[in-house]
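If you read the sequences in order, they're chains A and B. Taking the numbering used here, I'd label the letters of the first sequence as residues 29 to 114. Taking the numbering used here, I'd label the letters of the second sequence as residues 2 to 135. Below is one structure, written out as structure tokens; the observations come after it.
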Amino acid sequence: MTDTDATIRGVLEALGRLPGTALRLKDHDDLYQNGLSSHASVNVMLGLEDAFDIEFPDSLLRRDTFQSVASIREALVSLGVTVDSQ
Amino acid sequence: MTILIGIDVQPIDEVQDSIEKFGLRYVERLFTAQEVESCGGSSRIAAASLAGRFAAKEAVLKILDGGDVVPSWREIEVRRSTKGRPEIVLHGVAAEIAQRQGVEHLSVSLSHGGGIATAAVVAQINEQLIRANP
């Protein structure tokens, strides 16, 4: 797991209010099916902004942005976050 | 005339926690200045009222079908009418989707109790408006 992925999962663990641990989720597991609510996704977004020193524009405040760890990572890359290699 | 219904619930303590964690950054991401003002203003924000408004926004999103286009939360606004009743005002993308869907009128009812805020929204769909806005 890369540092970026670990940070994403750490934010999900802290703010996602998931019934299980985010640390065991696979990259493409559906976060909503795993218990992420719309309201919790707002907290995840704000937590990611703090963790990566970025700001999500309204255009990325969509359900599919927070669908999975992979889609979150993709959104971060689109905002200029450099994803470290394993 | 077709009727569509959207309903949603929001735990109030989750909103309270978010306000405590992220403050105005959280509030301003989700709510318009008018919504914040009607909930007590930014200095003493009432979590229960904001939770009801969030539930109302989610209830409206269950009615609007924009495909890949999803309105932002601030484009769905809950206001108080001059008679004190809550009403939905749509802006931007939300208004465009509603127009395409033929939404003629939205009614909203808010309630909270037992730590939960809830909102029910009823949309009147006018098929003639759909034909007028293909």
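Ideal Cβ placement from N, Cα and C applies to all residues, glycine included.
Asked: Which chain B residues sit within Cβ distance under 9 angstroms of ASN71/A?; Found: GLU15, ASP18, SER19, LYS22, PHE23, TYR27
Asked: Just checking, does the stretch 94-105 of chain B make contact with the stretch 87-96 of chain A on the three C-beta pairs under 8 angstroms criterion?; Found: no
Asked: Output needed for PHE80/A: all residues of its chain with C-beta closer than 7 angstroms, excluding positions within five of it in sequence on either side, in chain order.; Found: LEU104, VAL109
Asked: Just to confirm the assignment, what range does the beta strand (DSSP E) spanning GLN125/B have?; Found: 117-126
Asked: Determine the contact status of PRO12/B and ALA124/B, defining contact as a CB-CB distance below 9 angstroms.; Found: no
Asked: Rounded to whole angstroms, what is the Cα-Cα separation between ASP86/A and GLU77/A?; Found: 13 angstroms
Asked: Would you check if the distance between the CB atom of ILE89/B and the CB atom of ARG80/B is smaller than 9 angstroms?; Found: yes
Asked: Can you confirm whether the stretch 104-120 of chain B touches the stretch 47-63 of chain B when touching is taken to mean that 3 or more C-beta pairs between the two stretches lie within less than 8 angstroms?; Found: yes
Asked: Skipping 5 residues on each side, what residues in its chain have a beta carbon closer than 7 angstroms to that of LEU64/A?; Found: GLY44, LEU46, PHE94
Asked: So with CB distances below 9 angstroms, who are the chain B contacts of LEU89/A?; Found: ARG30, VAL71, SER73, TRP74
Asked: Determine the burial state of GLU64/B: buried for a count of at least 16 other Cβ atoms within 10 Å of its Cβ, exposed for fewer.; Found: The amino acid at residue 64/B is misidentified as Glu; the sequence shows Ile. Counting Cβ neighbours within 10 Å, ILE64/B comes out buried, since at least 16 surround it.
Asked: Please work out which residues of its chain come closer than 8 angstroms, Cβ to Cβ, to ARG37/A, disregarding the five sequence neighbours upstream and downstream, and give them in chain order.; Found: MET29, ALA50, LEU51, LEU53, VAL97
Asked: Nearest-angstrom Cα distance between ALA47/B and LEU62/B?; Found: 23 angstroms
Asked: Mind checking which residues open and close the beta strand (DSSP E) that includes ARG80/B?; Found: 77-81
Asked: Where does the unbroken alpha helix (DSSP H) through VAL61/B begin, and where does it stop?; Found: 48-64
Asked: With 9 angstroms as the threshold, decide whether the Cβ of ARG45/A is near any Cβ in chain B.; Found: yes
Asked: Using 10 angstroms around the beta-carbon of GLY7/B, count the other beta-carbons present and answer buried if the total reaches 16, otherwise exposed.; Found: buried
Asked: Considering only DSSP beta bridges, list what SER12/B is partnered with.; Found: The sequence as given places Pro at residue 12/B; Ser does not occur at that position. PRO12/B is bridged to ILE117/B.
Asked: Who are the neighbours of GLU59/B on chain A, taking C-beta pairs under 7 angstroms?; Found: SER66
Asked: Out of curiosity, what's the CA-to-CA distance linking MET2/B and PRO72/B?; Found: 25 angstroms
Asked: Per DSSP, what kind of secondary structure is HIS56/A in: helix, strand or coil?; Found: coil
Asked: Using only CA atoms, which one of ASN71/A, HIS67/A, LEU59/A lies nearest to ALA60/B?; Found: HIS67/A
Asked: Report the neighbours of ASP81/A on chain B: residues whose CB is nearer than 8 angstroms to its CB, in chain order.; Found: The premise fails here: ASP81/A is roughly 14 angstroms from chain B at the closest Cβ pair, so nothing lies under 8 angstroms.
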